[in-house]
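Novice: Residue numbers (the numbering used here), protein chains in the order written: chain A, 664 to 954; chain B, 664 to 954.
Yeah, the Cβ is synthetic: ideal placement off N, Cα and C, and Gly gets one too.
Predicted model, so just to flag it, every value in this text is computed and none were measured.
Here you go, one structure.
Protein chains: 2
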Amino acid sequence: MNAEKIDGTYIFDESLSSYGNFFKAGKILVDITTAYQKILIMDTSDAGRIMFLDNDFNVSTIMESFYHEPMAHIPLAMVNQKENILIIGGGDFGVASHVLKHKDVRHLVMCEIDEQVVQVCRRYFPDWAGKAEGDPRFSLVIGDGIEFVKKPGNKAKFDAVIIDSTDPFSSARGLIAESFYADVKASMKPDGVLIQIGADTVIYKKLWLEMIPNIRKHFPFFYPLLVPIPFYVTGAWGLVIAGSEESSIDPARVTGEYINSIGNVKTITPDMVKGWFSLPPYFKEYISGVV
Amino acid sequence: MNAEKIDGTYIFDESLSSYGNFFKAGKILVDITTAYQKILIMDTSDAGRIMFLDNDFNVSTIMESFYHEPMAHIPLAMVNQKENILIIGGGDFGVASHVLKHKDVRHLVMCEIDEQVVQVCRRYFPDWAGKAEGDPRFSLVIGDGIEFVKKPGNKAKFDAVIIDSTDPFSSARGLIAESFYADVKASMKPDGVLIQIGADTVIYKKLWLEMIPNIRKHFPFFYPLLVPIPFYVTGAWGLVIAGSEESSIDPARVTGEYINSIGNVKTITPDMVKGWFSLPPYFKEYISGVV
Numbered sequence: 664m665n666a667e668k669i670d671g672t673y674i675f676d677e678s679l680s681s682y683g684n685f686f687k688a689g690k691i692l693v694d695i696t697t698a699y700q701k702i703l704i705m706d707t708s709d710a711g712r713i714m715f716l717d718n719d720f721n722v723s724t725i726m727e728s729f730y731h732e733p734m735a736h737i738p739l740a741m742v743n744q745k746e747n748i749l750i751i752g753g754g755d756f757g758v759a760s761h762v763l764k765h766k767d768v769r770h771l772v773m774c775e776i777d778e779q780v781v782q783v784c785r786r787y788f789p790d791w792a793g794k795a796e797g798d799p800r801f802s803l804v805i806g807d808g809i810e811f812v813k814k815p816g817n818k819a820k821f822d823a824v825i826i827d828s829t830d831p832f833s834s835a836r837g838l839i840a841e842s843f844y845a846d847v848k849a850s851m852k853p854d855g856v857l858i859q860i861g862a863d864t865v866i867y868k869k870l871w872l873e874m875i876p877n878i879r880k881h882f883p884f885f886y887p888l889l890v891p892i893p894f895y896v897t898g899a900w901g902l903v904i905a906g907s908e909e910s911s912i913d914p915a916r917v918t919g920e921y922i923n924s925i926g927n928v929k930t931i932t933p934d935m936v937k938g939w940f941s942l943p944p945y946f947k948e949y950i951s952g953v954v
Numbered sequence: 664m665n666a667e668k669i670d671g672t673y674i675f676d677e678s679l680s681s682y683g684n685f686f687k688a689g690k691i692l693v694d695i696t697t698a699y700q701k702i703l704i705m706d707t708s709d710a711g712r713i714m715f716l717d718n719d720f721n722v723s724t725i726m727e728s729f730y731h732e733p734m735a736h737i738p739l740a741m742v743n744q745k746e747n748i749l750i751i752g753g754g755d756f757g758v759a760s761h762v763l764k765h766k767d768v769r770h771l772v773m774c775e776i777d778e779q780v781v782q783v784c785r786r787y788f789p790d791w792a793g794k795a796e797g798d799p800r801f802s803l804v805i806g807d808g809i810e811f812v813k814k815p816g817n818k819a820k821f822d823a824v825i826i827d828s829t830d831p832f833s834s835a836r837g838l839i840a841e842s843f844y845a846d847v848k849a850s851m852k853p854d855g856v857l858i859q860i861g862a863d864t865v866i867y868k869k870l871w872l873e874m875i876p877n878i879r880k881h882f883p884f885f886y887p888l889l890v891p892i893p894f895y896v897t898g899a900w901g902l903v904i905a906g907s908e909e910s911s912i913d914p915a916r917v918t919g920e921y922i923n924s925i926g927n928v929k930t931i932t933p934d935m936v937k938g939w940f941s942l943p944p945y946f947k948e949y950i951s952g953v954v
């Protein structure tokens, strides 16, 4: 069952053979297939304006902060400088709009592979695109992030790399390859910090067994963060944060003062972040062979 | 769309008009309508054995600990004695099986309204029923919890009351009525603790505005706990814990020693509990008018 429509109104977000989400489209705004993926944007009565990429739920206006805020504000609490920040993917401009709330970010580059994602998001999620593209610190590169981090001009450059891709267990597998992590590391300053979308910890948990060994070959300090993300299948989702310096990756760096300094943060408190870093026994046991 | 089957194999868990979960039934084990509700139990290939009550996802073998463990172990950390514990609902025996892991629980009563739930769960979730009914400290009452807490013999009796019902925003509205909370309070010792399933904080958040004022009239100390529960719609779910003594309701009572003393707890750490007690700004603001 693949983004099937039933009587023309229901769109499925298939996760696996026996479980998934469904959404009833009020109005389909975009339904195109690009060189990279299928893009579907719809309005719904209760779940916001949603973008699906390759039939997977990607983002919605009513839940964006649950995903974008941790992706932006947790790594930026853990860097020593904010001179150069890189987003790989992120074509909806959502993470970018949150990164740019940090007044001390000097330069933000967003490297998105699919120009058509950028174009439709400018039109249908204008708030995020406007905040990013209206900011002189922001620049957009249309290209493959895997190639971008290899460029000689990008060596030892970034303070933080934020990998905001489609699901790494489906369409974005190249972004959990060991060779990619080697290149990401080379593109970062020695005290740089990486954050990336992971998977859920119930249905897709096998992803972690593939992702963690590849990360740990290049980043000795890595932590799954079990951040619940509404509408992502099961909601019991995870991100991963990694770096080469132990002192950087510390949940205590997300203080109340830090959160307040960003302004209007909706989904994060210091104690929540400490909780996300604390792995429940079932998950600790599950990944024990690869950490 | 109400528990519709598409080509005979897909069963929906409808949440609201534009969003919900779907599950593909491998084998339907129970499909009956009782005096109280429709009961559907199915096996799935990846999401475990699932029970739906009135077409709402109720419990699955692969996620039960995410819900049952907090419902059992958080209130039992906050009581001063464990002489008499009451479960209202809980007919799958799941919460009961976790409560009885506490060796210092003296008596556990489970008051379930629907005897047919109990019967099918004995058969199809035999592990939970076996642990409960094989324990001499356990007793089952078939009856309405709303009436049970009014009984003269149950005044000032319970150290903890655990309300494990179907969704209070649909079929179990009577369990968030002010009069019910008055009776629950009267059935509890002065230092007793109540825990109850709430709602999610995105799609069903209006439930909180109805529930909290009714609780606070009788329990001056109440805290939503934002516990992510896989498969419950959006996953960004919440429980509520309440009591009459401020000192009781303290996340710091869930220590590592406490968790270890229970044995084989899968989904809880002390830092996770502190995180669940810490309300994110969006939710704090949402309920600010009623707290």
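Over what stretch of residues does the beta strand (DSSP E) that includes B/Arg-712 continue unbroken?
Specialist: The residue labelled residue 712 of chain B in the question sits at position 49 within the second sequence. Element bounds for B/Arg-712: 712 to 716.
Novice: Determine whether the beta carbon atoms of B/Phe-894 and B/Phe-675 lie at a separation below 8 Å.
Specialist: By one-based count along the second sequence, residue 894 of chain B stands at place 231. By one-based count along the second sequence, residue 675 of chain B stands at place 12. Contact: no.
Novice: Quick check on the DSSP output: what are the complete alpha helix (DSSP H) runs of length 4 or more inside the segment 683 to 749 of chain A, in order along the chain?
Specialist: DSSP runs (the alpha helix (DSSP H)) wholly in the segment 683 to 749 of chain A: 727 to 741.
Novice: Quick one: give me the first and last residue of the beta strand (DSSP E) that B/Tyr-886 is part of.
Specialist: Sequence index remark: in the second sequence, residue 886 of chain B carries index 223 (1-based). Start and end: 884 to 888.
Novice: What is the rounded straight-line gap between the Cα of A/Ala-840 and the Cα of A/Arg-879?
Specialist: For this step, residue 840 of chain A is matched to residue 177 along the first sequence. For this step, residue 879 of chain A is matched to residue 216 along the first sequence. The straight-line gap from Cα to Cα measures roughly 11 Å.
Novice: Among residues of its own chain, excluding the 5 on either side of A/Glu-732, which ones have a beta-carbon nearer than 7 Å to its beta-carbon?
Specialist: On the first sequence, residue 732 of chain A is found 69 positions in, with the first residue counted as 1. Cβ neighbours of A/Glu-732 beyond the five flanking positions: His-761, Val-928, Lys-929, Thr-930 and Ile-931.
Novice: Along chain D, in chain order, which residues have C-beta atoms closer than 8 Å to that of A/Met-851?
Specialist: In the structure shown, chain D does not exist; the protein chains are A and B.
Novice: Please give the ranges of any beta strand (DSSP E) in the segment 795 to 873 of chain B, keeping only runs that are unbroken, at least 3 residues long and fully inside the region.
Specialist: If we require 3 residues or more, the beta strand (DSSP E) runs fully inside the segment 795 to 873 of chain B come out as 801 to 805, 821 to 827 and 851 to 863.
Novice: Any beta-carbon of chain B closer than 8 Å to the one on A/Phe-894?
Specialist: Within the first sequence, the letter at position 231 stands for residue 894 of chain A. By this cut-off, A/Phe-894 is an interface position.
Novice: Would you give the residue range spanned by the beta strand (DSSP E) that B/Gly-757 belongs to?
Specialist: For the purposes of this step, residue 757 of chain B is taken as residue 94 along the second sequence, with counting starting at 1. No beta strand (DSSP E) holds B/Gly-757; the alpha helix (DSSP H) holding it covers 757 to 762.
Novice: Note down, in chain order, each residue of its chain lying with its Cβ closer than 7 Å to the Cβ of B/Tyr-699, except the 5 sequence neighbours on either side.
Specialist: By 1-based counting over the second sequence, the position of residue 699 of chain B is 36. Cβ neighbours of B/Tyr-699 beyond the five flanking positions: Ile-776 and Asp-777.
Novice: Determine the extent of the alpha helix (DSSP H) in which B/Glu-775 is found, giving its start and end residues.
Specialist: Against the second sequence, residue 775 of chain B aligns to sequence position 112. Counting along the chain, B/Glu-775 falls outside any alpha helix (DSSP H), though it belongs to the beta strand (DSSP E) covering 770 to 775.
Novice: In three-state DSSP terms, what is A/Ala-915?
Specialist: As a working mapping, residue 915 of chain A is identified with position 252 in the first sequence. Three-state result, A/Ala-915: helix.
Novice: Less than 8 Å separating the beta-carbons of B/Asp-827 and B/Met-714?
Specialist: Within the second sequence, residue 827 of chain B is the residue found at index 164, counting from 1. Within the second sequence, residue 714 of chain B is the residue found at index 51, counting from 1. Contact: no.
Novice: So, does the CB of B/Ala-862 fall closer than 8 Å to a CB anywhere in chain A?
Specialist: Mapped onto the second sequence, residue 862 of chain B falls at position 199. Output row for B/Ala-862: interface = no.
Novice: Flag this pair as touching only if the segment 938 to 948 of chain A and the segment 858 to 875 of chain B have three or more C-beta atom pairs under 8 Å; answer yes or no.
Specialist: No, because fewer than three Cβ pairs between the segment 938 to 948 of chain A and the segment 858 to 875 of chain B fall closer than 8 Å, the two stretches do not touch.
Novice: Tell me which residue opens and which closes the beta strand (DSSP E) that A/Val-903 is part of.
Specialist: As a first step, residue 903 of chain A must be located in the first sequence, where it is residue number 240. Per DSSP, A/Val-903 belongs to the beta strand (DSSP E) from 900 to 906.
Novice: If you count every other CB in all the chains shown that lies within 10 Å of the CB of B/Pro-853, and 16 or more means buried, which is it?
Specialist: Reading the second sequence from its first residue, position 190 is the one you call residue 853 of chain B. When all chains shown are included, B/Pro-853 counts as exposed.
Novice: As a quick exercise: from B/Thr-829, B/Gly-837, B/Lys-848 and B/Gly-754, pick the residue whose alpha carbon is nearest that of B/Ser-802.
Specialist: On the second sequence, residue 802 of chain B is found 139 positions in, with the first residue counted as 1. Closest by alpha carbon: B/Gly-754.
Novice: Should B/Ile-751 go down as buried or exposed, given a rule of 16 or more other Cβ atoms within 10 Å for buried?
Specialist: Taking the second sequence and counting its residues from 1, one reaches residue 751 of chain B at position 88. Flag for B/Ile-751 reads buried.
Novice: Distance check for A/Ser-911 and B/Ile-725, CA to CA, integer angstroms please.
Specialist: Counting from 1 along the second sequence, the entry for residue 725 of chain B is found at position 62. Counting from 1 along the first sequence, the entry for residue 911 of chain A is found at position 248. Approximately 35 Å between the Cα atoms of the pair.
Novice: Would you say the segment 780 to 792 of chain B touches the segment 691 to 706 of chain B, given that touching needs at least three Cβ pairs under 8 Å?
Specialist: The answer is yes - the segment 691 to 706 of chain B touches the segment 780 to 792 of chain B, with three or more Cβ pairs under 8 Å.
Novice: For B/Ile-809 versus B/Phe-843, is the C-beta spacing smaller than 8 Å?
Specialist: By one-based count along the second sequence, residue 809 of chain B stands at place 146. By one-based count along the second sequence, residue 843 of chain B stands at place 180. Yes, they are a contact pair.
Novice: B/Leu-749 to B/Leu-763, Cα distance in whole Å?
Specialist: By 1-based counting over the second sequence, the position of residue 749 of chain B is 86. By 1-based counting over the second sequence, the position of residue 763 of chain B is 100. Roughly 12 Å between the two C-alpha positions.
Novice: Is it right to say B/Phe-954 is buried, meaning 16 or more other beta carbons lie within 10 angstroms of its own, or is it exposed?
Specialist: What you label residue 954 of chain B is simply residue 291 of the second sequence in a count that begins at 1. In the sequence as presented, Phe is not what sits at residue 954 of chain B; that position holds Val. By the 10 Å Cβ count, B/Val-954 comes out exposed.
Novice: From which residue to which residue does the alpha helix (DSSP H) around B/Asp-767 run?
Specialist: Numbered from 1 along the second sequence, position 104 holds the residue referred to as residue 767 of chain B. Where B/Asp-767 is concerned, there is no enclosing alpha helix (DSSP H), given that its DSSP letter is neither H nor E.
Novice: Could you name the residues of chain B that A/Tyr-945 contacts, counting a contact when the two beta carbons are closer than 8 Å?
Specialist: Taking the first sequence and counting its residues from 1, the one referred to as residue 945 of chain A is at position 282. Going along chain B in sequence order, the residues near A/Tyr-945 (Cβ under 8 Å) are Ser-728, Lys-929 and Thr-930.
Novice: Quick one: what does DSSP say B/Ala-666 is sitting in, helix, strand or coil?
Specialist: If you number the second sequence from 1, residue 666 of chain B lands on position 3. Per-residue confidence for B/Ala-666 stands at a pLDDT of 42, beneath the threshold of 50, marking its modelled position as unreliable; the derived number appears in the next sentence. Of the three classes helix, strand and coil, the one that applies to B/Ala-666 here is coil, per DSSP.
Novice: Could you name the residues of chain A that B/Lys-937 contacts, counting a contact when the two beta carbons are closer than 7 Å?
Specialist: Position 274 of the second sequence holds residue 937 of chain B. Residues of chain A passing the Cβ test: Asp-934, Lys-937 and Gly-938.
Novice: Please decide whether A/Phe-715 counts as near chain B, where near means a Cβ-Cβ distance under 8 Å.
Specialist: Mapped onto the first sequence, residue 715 of chain A falls at position 52. Not one chain B Cβ lies under 8 Å of A/Phe-715.
Novice: Taking A/Thr-707 as the query, report the chain B residues whose CB atoms sit under 8 Å from its CB, ordered along the chain.
Specialist: For the purposes of this step, residue 707 of chain A is identified with residue 44 of the first sequence, where counting begins at 1. In chain order: Ser-681 and Tyr-682.
Novice: Measuring only the C-alpha atoms, how far is A/Ile-922 from A/Pro-933?
Specialist: One-based indexing of the first sequence puts residue 922 of chain A at position 259. One-based indexing of the first sequence puts residue 933 of chain A at position 270. Each residue's alpha carbon lies about 8 Å from the other.
Novice: Just the C-alpha distance for B/Ala-915 and B/Gly-906, rounded to the nearest angstrom, thanks.
Specialist: In the second sequence, counting from the first residue as 1, residue 915 of chain B sits at position 252. In the second sequence, counting from the first residue as 1, residue 906 of chain B sits at position 243. In a straight line, the C-alpha of B/Ala-915 is about 16 Å away from that of B/Gly-906.
Novice: Return the residues of the segment 883 to 907 of chain B that lie within a Cβ-Cβ distance of less than 7 Å from chain A, sorted by chain order.
Specialist: Residues passing the 7 Å Cβ filter: Pro-891, Pro-893, Phe-894, Thr-897, Gly-898 and Ala-899.
Novice: Out of A/Gly-952, A/Leu-889, A/His-881 and A/Ala-823, point me to the one whose CA is closest to A/Leu-739's CA.
Specialist: Indexing the first sequence from 1 puts residue 739 of chain A at position 76. Out of A/Gly-952, A/Leu-889, A/His-881 and A/Ala-823, A/Ala-823 has the C-alpha closest to the C-alpha of A/Leu-739.
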